[in-house]
Amino acid sequence: MSDNLESFRAEIAEWIAANLPADLKGIPHDEDAICWGGRNWVFKSDAQRDWLERCHGRGLTCPRWPTEYGGGGLSRAQEKVLRDEMVKAGAPSPLESFGIWMLGPALLHFGTDEQKATHLPDITAGKIRWCQGYSEPGAGSDLANVQTRAEDKGDHWLVNGQKIWTSYADKADKIFALVRTDRDAPKHLGISFMLIDMNTPGVTTKPIQLISGASPFCETFFDDVVVPKEGAIVGTQNRGWDVAKYLLTHEREMIGGGGGGLTAGSSLAEMIGTRDALVSEDPIFRAEAMQLEVDAMAFGLTMERYKDMAESGQGVGDASAMLKYYGTELNKRRHEIIMSARGLDALDWDDGAAAPWLRTKANSIEGGTSEVMLDIISKRVLELPSK
Amino acid sequence: MEKLVDTEDEAMLRDAARGFLDNFSPVSAFRKNRDEGRAFDPALWSEMGQMGWAGVLVGEGDGGSDMGHRAAGILCEEMGRTLTASPFISSAVIAATTLRAAGSDHLSSIATGETLYALAVDEGSKFAPSRTAMEARADGNAFRLTGAKAFVAEGSTANRLLVLARTSGSAGDEQGLTLFDIDASRAGIKQDSVETIDYRDFINLSFDNVEATGDDVVGDVDNGLAALAPGLRAGQAALAAELGGLSAGIAAITLGYLKERKQFGRHIGSFQVLQHRAAHLFAEIEVTTSAIAAAGRALDEGSENAALLSSLAKARATQTAKLAVMEGVQMHGGIGMTDEYDAGFFMKRARVGAEWLGDYGHHAAIVAAHRGL
Ligand SMILES: Cc1cc2nc3c(=O)[nH]c(=O)nc-3n(C[C@H](O)[C@H](O)[C@H](O)COP(=O)(O)OP(=O)(O)OC[C@H]3O[C@@H](n4cnc5c(N)ncnc54)[C@H](O)[C@@H]3O)c2cc1C
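Sequences listed follow chains A and B, in order. Per the working numbering, the first sequence runs over residues 2 to 388. Per the working numbering, the second sequence runs over residues 16 to 388.
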């Protein structure tokens with residue numbers, strides 16, 4: 002490792018030590034502890050707000066984004082060091098959002114200077130919370146079949162239609178949505194990627210409860226929603242599919258990364274907790290757990306390798322489908338093992354293992370199902386014949 | 016062994032059960048129970064009593080219908096298909112079989128369904144009766160029970176309990192355990208409710224110096240595992256049948272969806288990858304169904320293979336149900352993840368069924384040992 006990186010490591014470790022509020026040190030990485038930001042965000046504690054503000058001040062909410070938008074301007078090597086040091090210090094992520102994971106990368110690639118200047122600083126500061134309006138009742142795996150339409154009314158678009166499975170739509174400030182702007186074109190060529198404020202009259206949401214008990218996703222309705230044209234469309238009108246796909250590769254890496262061995266905060270043993278000898282000596286448990294550790298570690302390295310490839314200019318492209326497929330199936334396996342290792346204890350909601358276990362079942366559905374990922378790999382990466 | 020197909024009587028029983036459950040206990044009834052915060056519907060249970068289900072394993076002399084274990088399995092398969100919640104396995108199978116083997120006189124009220132039994136064995140996070148630590152201290156002619164029982168099925172509704180406790184030796188010894196049949200309201204028993212993921216009635220119980228007399232002992236003192244063995248085997252076979260039915264239930268819902276949902280302008284059931292997985296699931300269910308039927312037959316015939324086959328059935332059914340619910344949710348896409356849809360209920364009950372009365376590892380080890388491994 003270069004001297005530069007070592008001095009960066011020392012500097013960042015010192016910064017974390019000086020700035021991480023004591024109350025946040027080592028808090029569990031569960032859903033409740035996440036800071037999502039946004040206009041209506043109520044901080045869980047002063048410490049959570051302080052940590053967000055301090056990290057944002059240092060560009061650490063989006064370490065790799067350009068500094069002009071509130072990012073850290075770090076190289077990938079520096080970002081790795083930062084992540085290591087954050088884990089070492091027991092520091093939670095200061096901010097998570099669909100803006101960071103999905104919209105930001107798409108804007109950096111396709112956005113105009115004006116769109117970047119308008120939206121990216123609000124994302125890095127945690128001021129605006131975005132949601133993703135892709136899926137519709139008739140457009141899930143067949144995403145290009147979206148029917149929500151935006152009619153050209155001169156100075157504005159008039160949007161009508163329905164989205165479904167919109168995660169956190171009821172809590173989000175804005176939505177990036179796929180809308181049909183040309184009904185006569187072939188289905189992939191009539192879609193635009195549109196930014197819409199959720200406060201606009203005519204936008205309503207209805208929460209849908211998940212099997213894990215929580216209610217984080219919604220139906221989202223658009224009834225005669227007026228969207229001023231200025232800056233509304235990202236990329237080229239009617240070519241929103243390109244933006245959508247680009248964004249999906251980021252989303253898929255992110256979801257797949259949830260199953261990462263090296264990147265995941267806690268080890269399997271930690272997640273299981275102290276167990277009865279009956280469990281630790283059960284050959285079936287041992288075989289499954291051992292295989293999981295082997296696969297998870299190698300998968301973590303694969304995530305690293307793909308990021309290294311991307312940085313050295315070798316496009317990852319459709320192979321991100323592999324990361325999404327593998328990582329999510331791995332994560333499902335992990336939680337099955339945790340459930341069975343915790344045995345009867347885990348059958349009590351209060352034990353806390355069941356809700357995350359049930360939630361992982363969505364990992365292989367959201368952001369494109371495992372079947373769709375395997376389809377992408379076989380058709381586009383392996384170029385298998387379709388007839 | 017009697018054939019592994021339903022006899023004429025059994026086929027009639029299955030049809031009748033299916034008709035009754037489709038009418039009075041479809042999955043929507045389970046949802047209603049869940050929403051109203053009750054583990055099962057007492058009116059439904061009383062109907063089951065009248066139809067002879069509660070007395071399925073009670074002799075006719077005690078007012079039972081005495082239809083046998085295979086019949087009990089058929090009822091469980093059908094109840095599993097619609098996620099019917101009832102104290103059937105705890106009371107009509109485990110308690111009835113245990114007490115009948117011991118010549119108890121509590122059988123007639125089990126047969127009517129008026130007396131509800133719960134089995135209080137587990138103490139740790141895994142099923143392991145010989146690890147029982149609860150103390151039953153001799154006190155003159157009586158015993159004093161002190162300790163805790165975890166995750167007792169039907170624990171909050173049962174009026175009687177079968178409790179396994181230690182009269183000698185220490186946790187891990189097969190000997191030195193004694194089975195007691197006591198009233199659930201006896202002084203010193205405290206209930207601690209559990210919010211179970213399948214919304215059924217499970218509870219933790221603590222015992223503080225609870226009195227049991229010599230009359231309360233089932234079988235012999237210090238030989239409780241032997242007294243419990245017939246009931247456990249029967250319970251495991253019945254639970255396997257429930258899980259088999261559950262697998263068939265979610266598979267049927269999933270097949271229906273594959274034929275109905277369209278993407279890319281086609282039924283998703285026309286995609287070969289889903290066809291093959293549905294076909295694979297069918298194969299797994301068929302293989303498990305045989306083990307379930309054989310376990311029921313072996314129990315009815317008093318075969319020396321009954322324990323092996325009950326474990327085989329429970330091991331198979333646990334894995335098949337896991338596959339069926341995972342495929343069920345996955346093949347539905349987003350809607351399968353919603354509480355509004357039923358698939359999640361099947362997934363949660365399958366997880367509870369996987370643990371209760373011994374998990375896959377427990378039963379697979381028994382099968383392997385029988386096979387000389
Ligand atoms: C928890 C959760 C959060 C979500 N959040 C969002 C969000 O924020 N925004 C958003 O826009 N969407 C979101 N989604 C929606 C998600 O992207 C869709 O559910 C997903 O793309 C699948 O679409 P579908 O639900 O319509 O299933 P369908 O497409 O109907 O799929 C049903 C089944 O058919 C299979 N199938 C479909 N086509 C094929 C094929 N060609 N070959 C083989 N099998 C096939 C699927 O793999 C699946 O198993 C979320 C979903 C979940 C579960």
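Where is the CB? At the ideal position from N, CA and C, for every residue including glycine. Given the structure is predicted, the values throughout are model-derived calculations rather than measurements.
Contacts that residue i makes with chain B (C-beta to C-beta distance below 7 angstroms)
i	result
D346(A)	S140
F286(A)	G376
A1(A)	Chain A is shown from 2 up to 388; residue 1(A) falls before or after that span and cannot be answered.
D277(A)	G139, S140, K141
Contacts that residue i makes with chain A (C-beta to C-beta distance below 9 angstroms)
i	result
M362(B)	I212, L359, K362
Ligand 1 heavy atom lying under 8 angstroms from the CB of residue i
i	result
M16(B)	no
R276(B)	yes
A339(B)	no
L372(B)	no
F223(A)	no
E372(A)	yes
T113(B)	no
M352(B)	yes
C132(A)	yes
L160(B)	no
H291(B)	no
L98(B)	no
Exposure label - residue i; buried when at least 16 CB within 10 Å
i	result
E25(B)	buried
N364(A)	buried
M82(B)	buried
A265(A)	Interpretation of A265(A) is limited by its pLDDT of 48, a score under 50 that renders its predicted location unreliable; the figure taken from the coordinates is listed afterwards. Buried.
T228(B)	exposed
R281(B)	exposed
D230(B)	exposed
F279(B)	exposed
A54(B)	buried
M16(B)	exposed
Beta carbon proximity, residue i to chain B, threshold 9 angstroms
i	result
E231(A)	no
H176(A)	Checking the displayed sequence, the identity of residue 176(A) turns out to be Ile instead of His. With 9 angstroms as the cut-off, I176(A) does not count as an interface residue toward chain B.
L263(A)	Confidence at L263(A) is low in this model, with a pLDDT of 37, below 50, so the placement of that residue should be treated as unreliable; the coordinate-derived value is given next. No, L263(A) does not count as interfacial toward chain B.
S136(A)	yes
A320(A)	no
L385(A)	no
D224(A)	no
E337(A)	yes
V280(A)	yes
L248(A)	no
K45(A)	no
I17(A)	no
Min CB distance residue i to chain A below 9 angstroms
i	result
I204(B)	no
K337(B)	yes
L289(B)	yes
W68(B)	no
G280(B)	yes
D81(B)	no
M341(B)	yes
G359(B)	yes
F35(B)	no
Q251(B)	no
F217(B)	yes
Q345(B)	yes
Neighbour list for residue i in chain A, Cβ cutoff strictly below 8 angstroms
i	result
G348(B)	G141, S142, I366, T370
T353(B)	I209, Q210, L211, I212
D137(B)	L345
V367(B)	L348
V108(B)	Here the premise fails: no neighbours, minimum Cβ distance about 20 angstroms.
Neighbour list for residue i in chain B, Cβ cutoff strictly below 8 angstroms
i	result
R343(A)	S140
W166(A)	G349
Contact list for residue i against chain B, beta-carbon separation under 9 angstroms
i	result
W350(A)	V209, E210, T211, I212
Interface partners of residue i on chain A, CB under 7 angstroms
i	result
E370(B)	G344, L345, L348
Three-pair Cβ contact test at 8 angstroms for the stretch 122-142 of chain A versus the stretch 93-104 of chain A
yes
At least 3 beta-carbon pairs within less than 8 angstroms: the stretch 297-309 of chain B vs the stretch 376-388 of chain A:
no
Cβ contact (3+ pairs, closer than 8 angstroms) linking the stretch 164-183 of chain B and the stretch 312-323 of chain A
no
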